[in-house]
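*Asks:* The following block contains the structure, expressed as structure tokens.
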């Protein structure tokens, strides 16, 4: 698949993210920040732990000061981290894993049993990074389990930990141009998967066949499929359900909700089709949710709150004839996490800012009837929003 635009080199993007983080850290009320989640560690260092993505939690931590960034992690992560550009003196290891060495590449072989566990390694990383013994550390609290928090407090009795989860989210909220490029590319790959599947969709084709086409298209474009929801007929109301062998039949709603990961950045795109001609009810309900999404896009701009965007989506959808329209959210930020703050929901009075990236969505699920959705990716500009997606948003008809 041909790349649609030039992407910023990863080394350049990592350097730009690091510069932004350090600039914000210089103004923060703490001496260092301790990143624990995979996305936050990636943002701070450019290193993504494969074992963390496999097991669902990351055992790698990054201690960031104005002078130095030090990683703490399992021995198994040491060699991949060095390969990613982390300095050998900037990695503190714990646990046991065996690398053999050829030539002069001996450092990973020397790290076995350096520290017994993560708390001890993180404490050593805090010292190596130059944090004062009685300093203050901003903690990635949302990604810190209670036992680890207690162990860190015991290992670093002079350190004061403060919750920096919201602070880290704020640093990442406004995207750099290189991040927007990756998000746009990821969105276009998800769209390309839907387009390829729609070209095959017709009576007698299964959900699984279409899901395979979506996944293959994203992989061929260089992305990693993360969720591929392709559901039809009454199953289209099942929100986050896996595709099955169910065959498409005339009159079915066909709902896509798909996303992939490209160099750490997510996409999340939704579209709806119908097998054959839509019924009046299908058309009217889809028109209502599309009106709701259009209302979000029209209102969103810097200074408008996420809750106001939600209110506009719900009120417009209901006034267009789909009432009551009940939703817990109508969109979310997106970046290194698929769901980032702010969420477009009630009570989220956070104002939108230029450079924030979102997925706006207005799904509708009715058990026993079906489901439909339209979801777009966008970036907030100086005077509104700019789409990261280009796929037509109408109710698509596929052959019966």
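Residue numbers (our numbering): 10 to 409.
Quick reminder that beta carbons are idealized off the backbone N, C-alpha and C, glycines included.
Remember, it's a predicted structure, so these values are computed and weren't measured experimentally.
How big is the Cα-Cα spacing for residue 391 and residue 310?
*Replies:* Position 382 of the chain shown, counted from the start, is the residue given in the question as residue 391. Position 301 of the chain shown, counted from the start, is the residue given in the question as residue 310. A straight line joining the alpha-carbon of residue 391 with that of residue 310 spans about 7 angstroms.
*Asks:* Under DSSP, the alpha helix (DSSP H) around residue 228 begins and ends at which residues?
*Replies:* The sequence position of residue 228 within the chain shown is 219, counting from 1. Counting along the chain, the alpha helix (DSSP H) containing residue 228 begins and ends at 216-229.
*Asks:* Using alpha carbons as the reference points, say which of 259, 358 and 139 lies closest to residue 74.
*Replies:* By one-based count along the chain shown, residue 74 stands at place 65. Ranking 259, 358 and 139 by Cα distance to residue 74 puts 139 first.
*Asks:* Along the chain, where does the alpha helix (DSSP H) containing residue 372 start, and where does it finish?
*Replies:* Along the chain shown, one-based indexing puts residue 372 at 363. Per DSSP, residue 372 belongs to no alpha helix (DSSP H) and is neither H nor E.
*Asks:* Based on the DSSP output, what are the partners of residue 144 in its beta bridges?
*Replies:* One-based indexing of the chain shown puts residue 144 at position 135. Answer is none; residue 144 lacks a bridge partner.
*Asks:* Report the CB separation of residue 365 from residue 264 in whole angstroms; it is logged as a contact under 8 angstroms.
*Replies:* Indexing the chain shown from 1 puts residue 365 at position 356. Indexing the chain shown from 1 puts residue 264 at position 255. Wrong, their Cβ atoms sit about 27 angstroms apart, outside the cutoff.
*Asks:* Any idea which residues DSSP pairs residue 406 with across the strands?
*Replies:* Along the chain shown, read from residue 1 onward, the residue named residue 406 stands at position 397. In DSSP, residue 406 forms a bridge with 283.
*Asks:* Can the beta-carbon of residue 399 be found closer than 8 angstroms to that of residue 200?
*Replies:* In the chain shown, counting from the first residue as 1, residue 399 sits at position 390. In the chain shown, counting from the first residue as 1, residue 200 sits at position 191. Yes. Within cutoff.
*Asks:* Work out the CA separation of residue 241 and residue 251 for me, nearest whole Å.
*Replies:* Taking the chain shown and counting its residues from 1, one reaches residue 251 at position 242. Taking the chain shown and counting its residues from 1, one reaches residue 241 at position 232. Spanning the alpha carbons of residue 251 and residue 241 requires a straight line of approximately 11 angstroms.
*Asks:* If you check the beta carbons only, do residue 339 and residue 350 fall under 8 angstroms apart?
*Replies:* In the chain shown, counting from the first residue as 1, residue 339 sits at position 330. In the chain shown, counting from the first residue as 1, residue 350 sits at position 341. Cβ distance not < 8 angstroms, so residue 339 and residue 350 don't count as in contact.
*Asks:* What number of angstroms, rounded off, separates the C-alpha of residue 16 from the C-alpha of residue 307?
*Replies:* Numbered from 1 along the chain shown, position 7 holds the residue referred to as residue 16. Numbered from 1 along the chain shown, position 298 holds the residue referred to as residue 307. Their Cα atoms are separated by approximately 28 angstroms.
*Asks:* Curious, which full-length alpha helix (DSSP H) runs of at least 4 residues does the segment 53-97 contain?
*Replies:* Counting only runs of 4 or more, we get 59-64 and 87-92.
*Asks:* Roughly how many angstroms lie between the CA atoms of residue 314 and residue 359, to the nearest whole one?
*Replies:* Residue mapping note: residue 314 aligns to position 305 of the chain shown, counting from 1. Residue mapping note: residue 359 aligns to position 350 of the chain shown, counting from 1. Between residue 314 and residue 359, the C-alpha separation is close to 5 angstroms.
*Asks:* Would you kindly report the start and end of the unbroken beta strand (DSSP E) that includes residue 266?
*Replies:* Position 257 of the chain shown holds residue 266. 262-271 is the span of the beta strand (DSSP E), which, as asked, contains residue 266.
*Asks:* If you reduce the DSSP assignment to three classes, tell me which class residue 334 lands in.
*Replies:* Against the chain shown, residue 334 aligns to sequence position 325. Note: residue 334 maps to coil in three-state DSSP.
*Asks:* According to DSSP, is residue 233 helix, strand or coil?
*Replies:* For the purposes of this step, residue 233 is taken as the residue at position 224 of the chain shown. In this structure, DSSP gives residue 233 an extended state, which the three-state scheme calls strand.
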